[in-house]
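Below you'll find the structure, written out as structure tokens, and then a few comments.
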Amino acid sequence: MRNIVARPSVIARGGQLTVTVDGEACQRPGSTVSSRVFRTTRLRRVGGDTFAAVVTVDRDARPGWYDITARCGDRRLTRPDAFTVIGGVSGGLGGSSSSGATPTDMAIGGGLVAAAVVGGGVFWMRRRSEKRT
Numbered sequence: 031m032r033n034i035v036a037r038p039s040v041i042a043r044g045g046q047l048t049v050t051v052d053g054e055a056c057q058r059p060g061s062t063v064s065s066r067v068f069r070t071t072r073l074r075r076v077g078g079d080t081f082a083a084v085v086t087v088d089r090d091a092r093p094g095w096y097d098i099t100a101r102c103g104d105r106r107l108t109r110p111d112a113f114t115v116i117g118g119v120s121g122g123l124g125g126s127s128s129s130g131a132t133p134t135d136m137a138i139g140g141g142l143v144a145a146a147v148v149g150g151g152v153f154w155m156r157r158r159s160e161k162r163t
């Protein structure tokens with residue numbers, strides 16, 4: 031057994047993840063993949079000695095990096111930091127997260143508004159001075 035791959039590698043809470051595992055050991059009945067943020071799921075053959083499972087990340091998963099463990103027969107393989115969970119997809123709010131804007135988001139937004147006000151003021155002052163000549 032070799033090579034565990036998660037696609038997409040960055041996913042929102044509640045999203046679906048496809049996990050593939052290469053290795054003929056996974057032909058054995060009961061071969062599974064598991065993680066702290068999704069249910070243990072059976073692998074199915076997708077071609078050659080490649081096996082896959084589609085899993086759903088828990089809606090209450092905390093943002094961060096997560097390992098995936100494949101168990102095929104008496105063999106076990108863990109891929110550290112196989113995928114990253116980000117916020118969002120809480121549902122009912124148009125796909126947004128219910129946690130709201132962070133202080134960093136507010137600072138960036140405030141900076142953009144300030145830049146727009148200054149830029150608009152400079153533009154207005156230049157147009158005003160052109161009319162006087």
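As numbered in my numbering, the sequence shown has no gaps in its residue numbers, which increase by one up to the final residue, 163. We put the CB at the ideal spot given by N, CA and C, even for glycine. Because the structure is a prediction, the values reported are computed rather than measured.
Helix, strand or coil at residue i according to DSSP, with G and I counted as helix
{"i": "Ala112", "result": "strand"}
{"i": "Gly151", "result": "helix"}
{"i": "Gly141", "result": "helix"}
{"i": "Ala131", "result": "coil"}
{"i": "Arg74", "result": "strand"}
{"i": "Arg58", "result": "coil"}
{"i": "Arg158", "result": "helix"}
{"i": "Ala91", "result": "coil"}
Euclidean distance between Cα positions of residue i and residue j
{"i": "Arg158", "j": "Gly151", "result": "10 Å"}
{"i": "Asp104", "j": "Thr134", "result": "47 Å"}
{"i": "Arg156", "j": "Ala145", "result": "17 Å"}
{"i": "Glu10", "j": "Gly44", "result": "This structure cannot settle anything about residue 10, because the visible part of the chain is limited to 31 through 163."}
{"i": "Ser65", "j": "Ile98", "result": "5 Å"}
{"i": "Tyr96", "j": "Leu73", "result": "19 Å"}
According to DSSP, residues forming a beta bridge with residue i
{"i": "Thr48", "result": "Arg37, Val84"}
{"i": "Arg69", "result": "BP columns for Arg69 are empty, so no partner."}
{"i": "Arg105", "result": "Cys102"}
{"i": "Ala42", "result": "Ile116"}
First through last residue of the beta strand (DSSP E) which encompasses residue i
{"i": "Gly94", "result": "94 to 102"}
Residue i CB to nearest heavy atom of the ligand NAD below 7 Å
{"i": "Pro110", "result": "Looking at this structure, you won't find the ligand NAD or any other ligand, since it has none at all."}
Residue i, buried or exposed, once every other Cβ within 10 Å from all chains shown has been counted against 16
{"i": "Met31", "result": "buried"}
{"i": "Arg75", "result": "exposed"}
{"i": "Ala83", "result": "buried"}
{"i": "Phe153", "result": "exposed"}
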